[in-house]
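Some notes on the structure that comes next.
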Amino acid sequence: MRFVSLALKNLIRRPVRTGLTIAGVALAVAVAVSLAGFNLGYQQAIERSIDRLGFQMMIMAKGCPYEAATMMLKGGTGLLYLPSDTYDTVRSDPEIQSITPIFIAVAEKEVSGIREDSSSAFAILAGVEVQSFMEMKPWLQFETGPGFDGGRWFRQDSAEEVVMGYEAATYEQRKVGDTFLATIYPHGMPDPVLKEFRIVGIFKRTGTQDDGTVFMPIEAAQVLFNRPDQLTILGIKLKEFSGAKLQEFESRWIKLPEVQVVSLEQVKSTLVLLIGTAQVMIAAVAVIAVVVAIIGVINTILMSVYERTGEIGIMKALGAFRGDVFQLIWLETLTICVLGAISGGALALAGSRLTESAIKALIDIGIQGSIVTISWEVLAGAFVGAMVVGFFAGLYPAWRASSMLPIDAIREGIG
Amino acid sequence: MAKETLIEARGLKRYYRRGSEVVKAVDGIDLDIRSGEMVSVMGPSGSGKTTLIHLLSCLDAPTGGTLTIMGRAVGGLAEDELTKVRRGVLGFVFQNFYLLPTLNVAENVELPLLFYRQPVKRDETLEVLRRVSLEDRARHMPNQLSGGQMQRVAIARALIIRPKILIADEPTGNLDSENGEAVFELFRSLVRDRGITVLVTTHNTPLGRLADRIITLKDGRIDGDSHRDSRNSPG
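Here it is in structure tokens:
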């Protein structure tokens, strides 16, 4: 028999009490792991989404840059426009490696009849220039397989062809060759226009806002929405990407009237900060859960020590040193924390999708894709944290038990 | 042949404070316990039997006097030092058995070996259990045993570390007369066959008189100390 097996056997004396204490630790660990997973996943999702925009800088109409950036990341309305000649002016900058103009507008979908969810009645239409857009996003590929084969880009001069993002297409159960109907509200016109497009290609899933976008030639989009001389953003990639170069570029073009220059690095930092308040609140909940779990562990072990006062006295009479008793009680505490950590980690892993759905339901993240990443490092960190908590939580009960004088303990046990 | 003195007490005292009152549980006892003896400590309730046993077994510290165990003075020793004194010398049996309910019989018997850091040899455990007639109960849990059987497991647990002195505090207090007699007969056989010294407190006069030597306490002092031979000799 070893101390560990004796500790385990002592814990199963009161299986319900031990189980509840382990559950308390598991819950605290699950909250902590989920929070850490959210922190990690959110940052990764932001970096992924912003990297997948393809460009490092954006030039757009003056307004809230972060709102605009968030709109870029998740798509939305309330867009401002800048004059098209901004593109001709800016593209001459020698520091630019590539530049792409994008026109974004929102149209009302003619629903397929299969789904009539009113929240999905609108489609984000992005007018793009094929060559420069693909230079920014070389990873875009067309989906293949039944219903997707033959996918291609639209002809640049076509006003009837569109390419759909993966989710935009599958949500409407559209295939290559199908028709996409949308009601366009041209700027300044009294009547909407029902427009029929032919789907010539469907992208593979990218995990970004492109999945929910319908792409068409930029000139056609501008004409359709009656904004022939307007753009939404210019996406820019510099030849040399550094803080200094970004600042120089920004200072050169901020002089343009009604225009703002937004660095995606700044957007990244700000989006992380934006969620900071929510993270602090969730962290507070996790801290409270951990404190409650610690109190529960200490309480359980102390109760166990008091119940076994006579036994502890007997163990000392049988030859146990103070250190032996200390080790035994401390092992019981650690065992509870280890089992709680393992259970909590498993619970967090199993419930990560539910956690993600809950966070997205509660907070408008503005990010596509997974935002909870529970890595092995996160789990290991939680396990180590639980061990540290167990280490300290067990100190007082173990000291209490080991400090009992054998005769006092035996008398108390008899009493 | 002179027997070795295992425990020597001179002027042993143990006083307690109970509120404003001082209770003199043991009030100046001189005592020698020699090897190969079975000694009963008897007396009315409150006479100091249990307190004396606890002092002699180094579970409690005296308020005054001297105590020597196997030639080593134990006055003023710290708890862990007292544990070292007890180890390998003293085995304990208590009235309430104190078997760990989550360990089976064999594991309960082997418990002291865990603290002694000695390897468990299951055949030695079975040998000890055979000595107390419980070898067929090795895998039973304590709640499957009778009171007498539990007490014998406790005795086996005390014997596994091969003590020189077995100290039993009211070992038959929770047993019926038949089991009580069986326990005392076991003690006598341990003295006779293995030379273990047994020191036992008891309220039960007939059982107590089975011992080689009877020490009677009254008000914390020795009121009588008689050997079997002197009790049985005429006049």
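If you read the sequences in order, they're chains A and B.
According to the working numbering, the first sequence is numbered sequentially starting from 1.
According to the working numbering, the second sequence is numbered sequentially starting from 1001.
We put the CB at the ideal spot given by N, CA and C, even for glycine.
Outcome for residue i when other beta-carbon atoms lying within 10 angstroms are tallied against a minimum of 16
i                  : result
LEU434 of chain A  : With chain A covering only 1 through 415, there is no way to say anything about residue 434 of chain A.
GLN56 of chain A   : buried
THR77 of chain A   : Unreliable placement is indicated for THR77 of chain A, whose pLDDT of 44 sits below 50; the coordinate value is still reported in the next sentence. Label assigned to THR77 of chain A: exposed.
PHE203 of chain A  : buried
ARG1192 of chain B : exposed
GLU1004 of chain B : exposed
LEU11 of chain A   : buried
GLN141 of chain A  : exposed
ASP1176 of chain B : exposed
ARG428 of chain A  : In the structure displayed, chain A extends from 1 to 415; residue 428 of chain A sits before or after that span and is not available.
ARG115 of chain A  : Residue placement at ARG115 of chain A cannot be trusted, given a pLDDT of 47 that sits under 50; the coordinates are not used to answer.
LEU1217 of chain B : buried
HIS1054 of chain B : buried
SER119 of chain A  : Caution is warranted here: a pLDDT of 44 is assigned to SER119 of chain A, below 50, making its placement in the model unreliable, and the coordinate value is therefore given only provisionally. Looking at its Cβ environment, which holds fewer than 16 other Cβ atoms inside 10 Å, SER119 of chain A is exposed.
SER304 of chain A  : buried
SER49 of chain A   : buried
LYS293 of chain A  : According to the sequence provided, residue 293 of chain A is Ala. The question's Lys does not apply to it. Its Cβ being crowded by 16 or more others within 10 Å, ALA293 of chain A is buried.
VAL291 of chain A  : exposed
SER375 of chain A  : exposed
SER947 of chain B  : There is no way to answer for residue 947 of chain B, as the model of chain B reaches only from 1001 to 1235.
ASP210 of chain A  : buried
MET387 of chain A  : exposed
GLY1048 of chain B : buried
PHE1184 of chain B : buried
LEU20 of chain A   : exposed
ILE1160 of chain B : buried
LEU339 of chain A  : buried
PRO257 of chain A  : exposed
Residues bridged to residue i [DSSP beta-bridge criterion]
i                  : result
LEU1166 of chain B : B:GLY1091 and B:VAL1198
GLN230 of chain A  : A:PRO83
ALA286 of chain A  : ALA286 of chain A pairs with nothing; no bridge assigned.
ALA1009 of chain B : B:LEU1031 and B:LEU1067
ARG1213 of chain B : B:VAL1039 and B:HIS1227
ARG1018 of chain B : B:GLU1021
GLY1148 of chain B : According to DSSP, GLY1148 of chain B bridges with nothing at all.
GLY235 of chain A  : A:MET58 and A:THR100
Residue i CB to nearest heavy atom of the ligand NAP below 7 Å
i                : result
LEU11 of chain A : The ligand NAP is absent from the structure shown, which contains no ligands of any kind.
Endpoints, the alpha helix (DSSP H) within which residue i is located
i                  : result
MET17 of chain A   : First, the amino acid is wrong: residue 17 of chain A is Arg here, not Met. 15-51 is the span of the alpha helix (DSSP H), which, as asked, contains ARG17 of chain A.
ASP324 of chain A  : 322-350
PHE249 of chain A  : 243-253
GLN260 of chain A  : No alpha helix (DSSP H) holds GLN260 of chain A; the beta strand (DSSP E) holding it covers 259-263.
LYS9 of chain A    : 3-11
LYS316 of chain A  : 309-317
PHE383 of chain A  : 376-393
ILE1161 of chain B : No alpha helix (DSSP H) contains ILE1161 of chain B, which DSSP labels as neither H nor E.
GLU1127 of chain B : 1122-1131
THR1205 of chain B : 1205-1208
Opening and closing residue of the beta strand (DSSP E) in which residue i lies
i                 : result
THR179 of chain A : 179-184
ILE207 of chain A : One point to set straight first is that residue 207 of chain A is Gly, not Ile, in the sequence displayed. No beta strand (DSSP E) contains GLY207 of chain A, which DSSP labels as neither H nor E.
PRO101 of chain A : 96-109
ILE59 of chain A  : 57-61
PRO217 of chain A : 213-217
Point to revise | the segment 1031-1048 of chain B in contact with the segment 1075-1090 of chain B per 3-pair CB rule at 8 Å | key: no
Exercise for review: Starting from the N-terminal side, write out each stretch of the alpha helix (DSSP H) that is 4 residues or longer and does not extend beyond the segment 1052-1114 of chain B.
Suggested key: 1079-1086
Review point. Counting Cβ pairs closer than 8 Å, one from the segment 280-297 of chain A and one from the segment 17-35 of chain A, do we hit at least three?
Key: yes
Point to revise | Sufficient close CB pairs (3 or more, under 8 Å) joining the segment 1101-1112 of chain B to the segment 1138-1152 of chain B | key: yes
Point to revise | Secondary structure, beta strand (DSSP E): runs of 3+ residues fully inside the segment 119-204 of chain A | key: 122-128, 161-164, 179-184 and 193-202
Point to revise | the segment 1216-1226 of chain B touching the segment 1014-1029 of chain B, judged by at least three CB pairs closer than 8 Å | key: yes
Check your understanding: Below 8 Å, can you find three or more Cβ-Cβ pairs linking the segment 1083-1096 of chain B to the segment 317-326 of chain A?
Key -> yes
Point to revise | Cβ contact (3+ pairs, closer than 8 Å) linking the segment 1112-1131 of chain B and the segment 15-33 of chain A | key: no
Point to revise | Segment contact flag, the segment 1187-1206 of chain B with the segment 1008-1023 of chain B, C-beta cutoff 8 Å, min 3 pairs | key: no
Review point. Below 8 Å, can you find three or more Cβ-Cβ pairs linking the segment 126-139 of chain A to the segment 175-183 of chain A?
Key: no
Practice item. Assess, as a yes-or-no matter, whether the segment 232-239 of chain A is touched by the segment 139-155 of chain A under the definition of 3 or more beta carbon pairs within less than 8 Å. Key: no
Check your understanding: Do the segment 1142-1153 of chain B and the segment 1204-1215 of chain B make contact, defined as three or more Cβ pairs closer than 8 Å?
Key -> no
Review point. Taking contact to mean at least 3 C-beta pairs separated by less than 8 Å, is the segment 1090-1099 of chain B in contact with the segment 1165-1172 of chain B?
Key: yes
Check your understanding: Contact between the segment 212-225 of chain A and the segment 180-197 of chain A: three or more CB pairs below 8 Å?
Key -> yes
Point to revise | Interfacial residues, the segment 1107-1124 of chain B to chain E, with Cβ spacing under 9 Å | key: The displayed structure is made up of protein chains A and B, and chain E is not among them.
Review point. On the three-pair Cβ rule with 8 Å, is the segment 387-405 of chain A touching the segment 330-339 of chain A?
Key: yes
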